[in-house]
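Residue numbers (the numbering used here), protein chains in the order written: chain S, 968 to 1551; chain X, 968 to 1551. Glycine residues also receive a C-beta, built at the ideal position from the N, C-alpha and C atoms.
Following this line, the structure appears as structure tokens:
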């Protein structure tokens, strides 16, 4: 036969009946009824049913068709005919192709797992044979979805005057948060490049360079110990603008996010709510709250303390949430919940509960200390409704909020309140500039060392570093931080002061960031930006939890690509050329 | 003032007269006439003239304006007024802004070179202060141009059903042509990732995975000794298609290239000419011929040999070109040309010339051996016209062709026949599969080890490897290879045979490419692809020779980024963590 195909396997319709066509694809399955054989032929675009039967097909062809196994690659020529029993579930379901020629382009061994929407393959096997996993609709469609999202991002930002600029991958190691991956240089023996954790300094230099509006969809690298859903290489939508204040940036990227929600998910969302970091922590115990459901924190100190319950009396914070409709939890279920909050990962000492009964009465674990009137105040503070379960934690303010946040999320999961097709974006603003590392007692930059303190707060760095707030903001979607950014420092002296407070000696500051501070002396404009985690964004827009199936070739939790078996040893000659020796 | 700007510096027109506006930008220059001061304010979008004068401006403002230096960043508020002496050369030339408020957002030291279209800065200084260089229109416009080209590529390929898929950057070292950059793994001590020289195997696996049409605009890395216009990291438009033959790919990417020439350069080009590798070498001595001008090779063996000129008689090849209009070269000019071809970089032993005089007579350096009738035949063979200069070289066929190709290009340059705004694309096809490494006596893959030999030529690998031709093709534009690709091997046995011929032991083949050959056993479709060098493509479409000014932050010839001073030493703790020691 000449060309491999005249049509795709998702293309033929009733209007093509009587056409002679050529198709190529994979054998999805074969049903052999003896006198008739049906074959589902699959490609990226769909499935077309092929038919061969004893009346109309040469016996040689029938024989060949019977030898086809799953995932064989074949080319067929035949006539489009009307299908006797139509399949309304697929677009090609009204026709089939009566096979006149059949060529096996490539046979296939039996695949190690089934190439179906629901596969029998475990995670490890699917990763090793990722190219087979990609044939499955869920993974294939995720990759197509990702391509569509990135194209929409690029179109929108280009239309808004942003220029996509590629920044270098072989840069310089900087002590910025996570560890760098380094790349030994052969031409400069004993020296190393680093792979960027983000193009942060380069995008700032592009603003100094007058490009005004920059974006890039770009790989970034962090050599961190990997948590379940992290990757050593990940993709950012990286953006920066000059002559802007925080308000300009929030507006610009609220626009992008709305555009994506509209174009990709068909969802219209008006102005995104905004909340300060302090309020987010106070109301949700979390700087990336999921606001698709309520369960806002009610602080109970004034109404729960100074009774005879010493646990509360000695606590810095007493705080509760009303879990909707959980008032009918059994004693056993509640005990299990208490055990859940006491798990080491959560770390609460215990939990007080109040059942707000349907009849308006209360039943609590602390009835000894609080009467119905007291508990009614608790219900008011947590905005509980009849039928709810009020869960109360107490202790150190920060820890207790974090624990209650974990409980809030757990209850939302159990009650299925985290609906994947509902989208609730939220700006969290006014982040602290610095964060205290409790181990070392040192402050480090919460966002990064280039984030600008709020106007007039520079002096606070000396007296009360933890109180300094930054023009830094996160975009939170459904309880996930999908983007974060800040207004940057554009003044050399401020940048020096900042680095000094972060523990850099003047020599270290100059060695690491001298080029940036030099740049600030030649007319740096005010600027700021944001970066979105593309992998996460795509997963959330796709209504899914894990990023891995939106990445074509992800690495496992040990940073290994099990398909190609990387990383791997290299030979001594190559090491020698790089001026290196193993020291393992 | 509140917001940094209401308009850009390229936006205001006569219709804005009487408007109150706020602008921000850089001071391009100041002209102080005493009673009036004009300031050119610049941003990415253009230049707007500001005016202050003694009649209308507060003296404090005049004083402040007099303190502004070049590249100061300022914000001004004022009224748009009609300009007395209009400047038709800029879009804002009919108006100016009468300044009412002026704020210095950031002062600037005197820049180390002038921020003008023609700068006084040398290459090194421009690279060290690249952020200032980017402010200059030529560099800024190149970056904007590049962004536009990549956006057009993405739009076109997406519209054609291609999916952009990100392949990993942390992969496995393979002995494919150039050296890999490697990345030591901390989590897998003593092991290394490699940065991809191209996503070759991954895009093939995506075809095995059924994605059908893939593309990616992606950084690639080669640790080669750098020639003048090469970069250790460069960008590829990487593409692959399944169920295709060479013809399908040439058509698809001829479409892309036409689209770019049309959208970017406004040039319509009909079907691209095609030439085989053998013909390209025979006619142009070059596998990437510039066909914007003639000077095709004329082989003179039958007509120039067997006279008494022993130099020619003993030569494998006698071959000439007719240089248009150079027939009036002086003796001195011709002598210089002879010296030019004898330079070690070219390596010719000498050059025979024939002047085709305006009167139809010939004057040559070999008049002793050839009469006018002989020389007329040479003129016919080289398609010389009256007034041309025929240049003839002789010797070993391959070397002589290469030398004459160099001379052809040199003459085209001298005669300014390589017009940057003229575009002559050309497909070169039927490349040899293998290339003999003259040093080692071994064959290596001319394209890469995954290129398919032409059907039926597999056996030739045993008997005459150099004669095997591949379904491999290059797209040449104006004498530059801008793209290259091939139909790939999709059969495990063929791939094994190929690797064996390239000198891999079965163990090495399995260790390096086992995952690919495994994949071929599970229903790999026929596939092929192409990759374009984006840096070069953009430079050519932009009518320029060097790629460096189309790269935001290029590296120098030692692979260094002189702005950030990378690569650089890393500290011992970091080395220790990676299980490495320096061995310099």
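- The distance from the Cβ of residue 1259 of chain X to that of residue 1386 of chain X is about 7 Å, consistent with a contact at the 8 Å cut-off.
- If you ignore the 5 residues before and after residue 1393 of chain S, its C-beta comes within less than 6 Å of the C-beta of 1240, 1258 and 1443, all in its own chain and listed in chain order.
- Within chain X, the residues 1534, 1535, 1536 and 1537 have their CB atoms less than 8 Å from the CB of residue 1159 of chain S, given in chain order.
- Taking a C-beta distance under 8 Å as the contact criterion, residue 1107 of chain X and residue 1177 of chain S qualify as a contact pair.
- Contacts with chain S (Cβ-Cβ distance below 7 Å) from the region 1176-1201 of chain X involve 1176, 1177, 1178, 1179, 1186, 1190, 1199 and 1200, listed in chain order.
- DSSP places residue 1222 of chain S inside the alpha helix (DSSP H), whose first and last residues are 1213-1232.
- Of the candidates X:1113, X:1280, X:1321 and X:1100, X:1321 places its Cα closest to the Cα of residue 1292 of chain X.
- For residue 1336 of chain S, the CB contacts under 7 Å within the same chain, skipping 5 residues up- and downstream, are 1274, 1275 and 1276 in chain order.
- Taking a cut-off of 8 Å on C-beta distances, the region 1209-1227 of chain X does not touch the region 1155-1162 of chain X, as fewer than three cross pairs fall below it.
- Counting only Cβ-Cβ distances below 7 Å, residue 1305 of chain S has no contacts in chain X at all, with the closest Cβ about 38 Å away.
- Taking the Cα positions, residue 1124 of chain S is about 20 Å away from residue 978 of chain X.
- Secondary structure at residue 1525 of chain S: coil, using DSSP grouped into helix, strand and coil.
- Take the alpha-carbon of residue 1261 of chain X and the one of residue 1330 of chain X: they are about 22 Å apart.
- For the region 1125-1139 of chain S, the set of residues with a beta-carbon nearer than 7 Å to any beta-carbon of chain X comprises 1125, 1130, 1131, 1132, 1133, 1134, 1135, 1136, 1137, 1138 and 1139, in chain order.
- When rounded, the separation of the alpha-carbon atoms in residue 1454 of chain S and residue 1095 of chain S is 43 Å.
- Per DSSP, reduced to three states, the secondary structure at residue 1328 of chain X is coil, with no helix or strand assignment.
- Contact between residue 1182 of chain S and residue 1205 of chain S holds, since their C-beta atoms are separated by about 7 Å, short of 8 Å.
- Considered as a whole, the region 1382-1446 of chain X harbours 1427-1430 as its complete alpha helix (DSSP H) runs of no fewer than 4 residues, in chain order.
- Residue 1431 of chain X and residue 1507 of chain X do not touch by the CB rule: their CB atoms are close to 37 Å apart, not below 8 Å.
- Residues of the region 1086-1116 of chain S with a C-beta less than 7 Å from any C-beta of chain X: 1098, 1099, 1101, 1102, 1107, 1110, 1111 and 1114, listed in chain order.
- Each of X:1078, X:1042, X:1055 and X:1072 was checked against the Cα of residue 1064 of chain X, and the nearest Cα belongs to X:1042.
- Interface criterion met: the Cβ of residue 1156 of chain S is under 8 Å from a Cβ in chain X.
- One alpha carbon belongs to residue 1252 of chain X, the other to residue 1370 of chain X, and they sit about 8 Å apart.
- Fully enclosed beta strand (DSSP E) runs of no fewer than 3 residues occupy 1149-1151 and 1159-1161 of the region 1101-1177 of chain S, in order along the chain.
- Within chain S, the residues 1520 have their CB atoms less than 7 Å from the CB of residue 1169 of chain X, given in chain order.
- Residues are counted here when their Cβ sits less than 9 Å from a Cβ of chain X; for the region 1443-1460 of chain S these are 1457 and 1458, given in chain order.
- For residue 1067 of chain X, the enclosing beta strand (DSSP E) starts and ends at 1062-1073.
- Taking a Cβ-Cβ cut-off of 8 Å, the neighbours of residue 1075 of chain X in chain S comprise 1488, 1489 and 1490, given in sequence order.
- Residue 1498 of chain S is positioned such that its CB atom lies closer than 8 Å to that of residue 1203 of chain S.
- In the DSSP annotation of this structure, the continuous segment of the beta strand (DSSP E) that includes residue 1016 of chain X starts and ends at 1013-1020.
- In the structure shown, the three-state DSSP call for residue 1031 of chain X is helix.
- Residue 1495 of chain S is positioned such that its CB atom lies no closer than 8 Å to that of residue 1193 of chain S.
- With contacts defined by Cβ atoms closer than 8 Å, residue 1135 of chain S and residue 1200 of chain X form a contacting pair.
- In its chain, beyond the 5 residues on either side, 1141 have a beta carbon closer than 6 Å to the beta carbon of residue 1479 of chain S.
- By the CB criterion at 8 Å, residue 1075 of chain S and residue 1036 of chain S fall inside the cutoff.
- The count of Cβ pairs closer than 8 Å, one atom from the region 1484-1494 of chain X and one from the region 1449-1467 of chain X, reaches three, so the stretches are in contact.
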